[in-house]
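As they're listed, the protein sequences go chains A and B. Residue 0 is where the first sequence starts when you use numbering that gives the first Met the number 0, and the numbers rise one by one after that. Residue 0 is where the second sequence starts when you use numbering that gives the first Met the number 0, and the numbers rise one by one after that.
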Amino acid sequence: MILVTQVGRVFLKFLETTGRLSLFLKRAILQGLRPPYYFKQLLRQFLDIGYLSLPVVGLTALFTGMVLALQSYTGFSRFNAEGAIANVVVLSITRELGPVLAGLMVAGRIGAAMAAEIGTMRVTEQVDALTTLSTNPMKYLIAPRIFAGILMLPLLVIVADIVGVFGGYLVSTYRLGFNPATYIKQTTEFLEAQDVYSGLIKAGVFGFIISSMGCYHGYNSKGGAQGVGQATTKAVVSASILILVTNYILTALLFER
Amino acid sequence: MEPKLSVSNLYKSFGEKQVLSNLSIDVMPGESMVIIGGSGTGKSVLIKCILGLITPDSGSIKIDGHELVGQPMAKRQKFLKNIGMVFQGSALFDSLTVWENVAFGLMYEKKMAREQAKEKALTLLATVGLDKRVGELFPSEISGGMKRRVALARAISTEPNLLFFDEPTAGLDPIFCGVINTLIRDCVKKLGATAVTITHDMHSARTVGDEVAMIHDGHIIWKGKASKVDSCKNPYVQQFINGHADGPIKLETTAEEVA
Ligand SMILES: Nc1ncnc2c1ncn2[C@@H]1O[C@H](COP(=O)(O)OP(=O)(O)OP(=O)(O)O)[C@@H](O)[C@H]1O
Ligand SMILES: [Mg+2]
Chain A
0 MILVTQVGRV FLKFLETTGR LSLFLKRAIL QGLRPPYYFK QLLRQFLDIG
50 YLSLPVVGLT ALFTGMVLAL QSYTGFSRFN AEGAIANVVV LSITRELGPV
100 LAGLMVAGRI GAAMAAEIGT MRVTEQVDAL TTLSTNPMKY LIAPRIFAGI
150 LMLPLLVIVA DIVGVFGGYL VSTYRLGFNP ATYIKQTTEF LEAQDVYSGL
200 IKAGVFGFII SSMGCYHGYN SKGGAQGVGQ ATTKAVVSAS ILILVTNYIL
250 TALLFER
Chain B
0 MEPKLSVSNL YKSFGEKQVL SNLSIDVMPG ESMVIIGGSG TGKSVLIKCI
50 LGLITPDSGS IKIDGHELVG QPMAKRQKFL KNIGMVFQGS ALFDSLTVWE
100 NVAFGLMYEK KMAREQAKEK ALTLLATVGL DKRVGELFPS EISGGMKRRV
150 ALARAISTEP NLLFFDEPTA GLDPIFCGVI NTLIRDCVKK LGATAVTITH
200 DMHSARTVGD EVAMIHDGHI IWKGKASKVD SCKNPYVQQF INGHADGPIK
250 LETTAEEVA
């Protein structure tokens, strides 16, 4: 009996949060689309999410591409399928690992920062102060972050794709003795446009998830430093889990024929 | 004459705790109202209800005769343009420099050009006794008392006609208390604004206020001319202004009880 009520309570809590979150996002997006626009805020977010995440995302992609080539070589050489390495690298990077790993890294970097910044503003009454200066916090704080998230993640993933493939190329040519020209030919031969753009669609969705979680948890943080800390944790954990779940759903939708 | 601000039968509780109960107060245009009352009696909550930052449980809040309770944000926005507020904790934007804080309303609300807004911000900072160099610092680099003064400059930058000050002089030395009190007075007398000031400091209350209201147990228990506070017979007011430990106002817990 206790178990049933517990499950029921958790389920209700889940519904409640989903409802609140949808209302929050609806308000942020609808109000953000109407003037006045805060271009400076948007630009700052472009820099923060896009430009300043380049090193993290680049490094992650580089080593992922490298290890992919190395691992598939050990596996594939057992049945003389080394020719497929280039293919495995480019497909896994563009379709899955590029968007997912970039998403997870940015969730850690940006989702946490957003929750901490907005959360601190909330508990120190800066969000209230915005309102009394007749500036809508939804337009000034939330909307720029959400729009920047949606736009910047695909750009980051394009970079991740290129760097990741380059990582595979480095290992294959310098370490595994592949002919550079052949490797590049094998990379491009079977690659379809859909492989790349499906990854970019995923990236856009992940960007939305990261910003939404960061903003929502930050905006609703309570108490003091502890509340902000909790908001930060929640933002990163929920964004990461949502990214992994959504990735599965999107893969199923995008590649189902 | 219609009151500038009219609060009637306001109720607000947080969970079990009833903070405001049946609170009513009117503030006339061009009047300076001072609200006094013990710590935790709901003074800040009252102001936040008026500003729409906290939703009251029931009751009515009118500005210039327009009902605010239950109105959507877009409607309130129109009134907020003419309201200035100094928060108890200053609430400066810590990602912006001091002058950008002061110029915030000028740039975003009044659409003033950056250079022009900066000039006006620096003038405002000068009136609260802060010089140009302070303008370039970030809020984390200035003292608590300086923050209060910056917050005040920010609140009056757009020349609103309804001003709220939540303990504007707390944490200031006596000289700057005087400066701030004069400034609030000037806003009311020279600009014709209506002001509501919360304070614990009876000296400020007497200099700043035309009217004084005392809040206790969630509602206004005494209201009258600032000049009459000292001679009033209300035991609550007497205890408060004289700072006696004995009297009708009881501390929620005392050391003896805990021990
Ligand atoms: N967001 C909130 N959630 C729960 N309780 C709150 C909240 N805000 C205020 N309270 C409670 O309401 C009561 C009144 O708080 P308020 O901040 O208005 O006091 P105050 O009169 O401004 O006191 P002080 O003079 O110390 O600033 C307090 O008991 C406080 O615990
Ligand atoms: Mg207070």
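Every residue gets a Cβ at the ideal spot worked out from N, C-alpha and C, and that includes glycine. Here the structure is a predicted model, which is why all the values come from computation and not from measurement.
Own chain, CB closer than 6 Å to residue i, minus 5 neighbours either side, in chain order
i                     : result
residue 61 (chain B)  : 5
residue 153 (chain A) : 199, 202, 203
residue 187 (chain B) : 31, 194
residue 69 (chain A)  : 170
residue 230 (chain A) : 114, 118, 216, 217, 220
residue 247 (chain B) : 234, 235
Residue-chain proximity (residue i, chain B), Cβ-Cβ < 8 Å
i                     : result
residue 133 (chain A) : yes
residue 127 (chain A) : yes
residue 123 (chain A) : yes
residue 231 (chain A) : no
residue 130 (chain A) : yes
Residue-level contact to chain A via CB, residue i, 8 Å cutoff
i                     : result
residue 213 (chain B) : no
residue 84 (chain B)  : yes
residue 16 (chain B)  : no
residue 266 (chain B) : The structure shown has nothing for residue 266 (chain B), since chain B only spans 0 to 258.
residue 90 (chain B)  : yes
Sub-8 Å separation of residue i and residue j beta-carbons
i                     : j                     : result
residue 156 (chain B) : residue 180 (chain B) : no
residue 141 (chain B) : residue 167 (chain B) : no
residue 121 (chain A) : residue 218 (chain A) : yes
residue 223 (chain B) : residue 211 (chain B) : yes
residue 111 (chain A) : residue 234 (chain A) : yes
residue 173 (chain B) : residue 81 (chain B)  : no
residue 67 (chain A)  : residue 167 (chain A) : yes
residue 206 (chain A) : residue 163 (chain A) : no
residue 103 (chain B) : residue 144 (chain B) : no
residue 149 (chain B) : residue 228 (chain B) : no
residue 56 (chain A)  : residue 158 (chain A) : yes
Same chain, Cβ closer than 7 Å to residue i, neighbours up to 5 away in sequence not counted
i                     : result
residue 106 (chain B) : 113, 116
residue 86 (chain A)  : 185, 189
residue 51 (chain B)  : 67, 75
residue 147 (chain B) : 89, 167, 170, 171
residue 239 (chain A) : 103, 106
residue 2 (chain B)   : 25, 26, 27
residue 190 (chain B) : 158
Own chain partners of residue i with C-beta closer than 8 Å, once the 5 adjacent residues on each side are dropped
i                    : result
residue 93 (chain B) : 137, 138, 139
residue 5 (chain A)  : none
residue 46 (chain B) : 84, 163, 165, 195, 197
Residue i beta carbon near ligand 4 (any heavy atom closer than 7 Å)
i                     : result
residue 229 (chain B) : The model depicted lacks ligand 4 and carries ligand 1 and ligand 2 instead.
Can you pull out the residues from the region 207-226 of chain A whose beta carbon lies closer than 9 Å to at least one beta carbon of chain B? none
Report the residues of the region 99-127 of chain B with a CB closer than 7 Å to any CB of chain A, ordered along the chain. 103, 104, 107, 108
If you measure beta-carbon to beta-carbon, which residues of the region 52-64 of chain A are closer than 9 Å to chain B? none
For the region 50-81 of chain B, which residues have a beta carbon sitting closer than 8 Å to at least one beta carbon of chain C? No chain C appears in the structure shown, which is made up of the protein chains A and B.
Which residues count as close to ligand 1 when the rule is a CB under 5 Å from any of its heavy atoms, in chain order? B:13, B:18, B:38, B:39, B:40, B:41, B:42, B:43, B:44
Note down, in chain order, all residues in the region 15-32 of chain A with a beta-carbon under 7 Å from any beta-carbon belonging to chain B. none
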